[in-house]
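Have a look at the structure below before the remarks.
In the working numbering, the protein residues as written are 19 to 135.
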């Protein structure tokens, strides 16, 4: 199970930090990812981080967002700085993980981020 938190309303130029905590009988968390979906748009990959800390970002957020993870806490974070109205979306965390029942792809419930101009 993945639990996302940290969304909210912020003015343009502000910052938010999202968290995604994994729980359950997890053996290994492989990649952890953040996606977002704005109204009327397709879901897009924002940032990803591998088990060993390698990161990748969408071009629109590179230099403003930072993904990180704490393997001991089974938690991933998305630090979002210099937020723009275009960043308004529901943000979803996603993880490729291995549990006692096998390897699978899991999604959190989504957290709303709204950036006002």
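We treat Cβ as the ideally placed atom computed from N, Cα and C, and that holds for glycine. Small disclaimer: the values here were computed from a predicted structure and weren't measured.
message: Here's a check: name, in chain order, each residue in its chain whose Cβ is nearer than 7 Å to the Cβ of residue 28, leaving out the five neighbours to either side.
response: Within the chain shown, numbered from 1, the residue matching residue 28 stands at position 10. Excluding residues up to 5 positions away in sequence, 34, 101, 133 lie with their Cβ nearer than 7 Å to the Cβ of residue 28 in the same chain.
- prompt: In three-state terms, what does DSSP make of residue 104?
  reply: The residue labelled residue 104 in the question sits at position 86 within the chain shown. Reduced to three states, the DSSP call for residue 104 is helix.
task: Whole angstroms is fine: what's the gap from residue 135's alpha carbon to residue 40's?
output: Walking along the chain shown from the start, residue 135 turns up at place 117. Walking along the chain shown from the start, residue 40 turns up at place 22. C-alpha separation (whole angstroms): 33 Å.
field: Residue burial classification, residue 26 (beta-carbon count within 10 angstroms, cutoff 16)
entry: Residue mapping note: residue 26 aligns to position 8 of the chain shown, counting from 1. That one is exposed.
- request: Using the Cα positions of residue 72 and residue 47, report the straight-line distance between them to the nearest angstrom.
  value: What you label residue 72 is simply residue 54 of the chain shown in a count that begins at 1. What you label residue 47 is simply residue 29 of the chain shown in a count that begins at 1. Taking the straight line joining both Cα atoms gives about 14 Å.
- request: Could you give the DSSP three-state label for residue 90: helix, strand or coil?
  value: Against the chain shown, residue 90 aligns to sequence position 72. Coil, per DSSP.
- prompt: For residue 113, which residues does DSSP report across the bridge?
  reply: Locating residue 113 in the chain shown gives position 95, counting from the first residue. Paired residues: 50, 124.
- prompt: In three-state DSSP terms, what is residue 130?
  reply: Counting from one through the chain shown, the residue named residue 130 turns up at place 112. Strand at residue 130.
query: Going by beta carbon distance, what residues of the same chain come within less than 7 Å of residue 107, once the five residues before and after it are set aside?
result: Numbered from 1 along the chain shown, position 89 holds the residue referred to as residue 107. Taken in chain order, the residues that qualify are 54, 55, 56, 131.
message: Just verifying my parser: in three-state terms, what is the DSSP assignment at residue 64?
response: Locating residue 64 in the chain shown gives position 46, counting from the first residue. Note: residue 64 maps to strand in three-state DSSP.
field: Bounding residues of the beta strand (DSSP E) (the contiguous stretch that carries residue 35)
entry: Taking the first residue of the chain shown as position 1, residue 35 is located at position 17. Per DSSP, residue 35 belongs to the beta strand (DSSP E) from 34 to 40.
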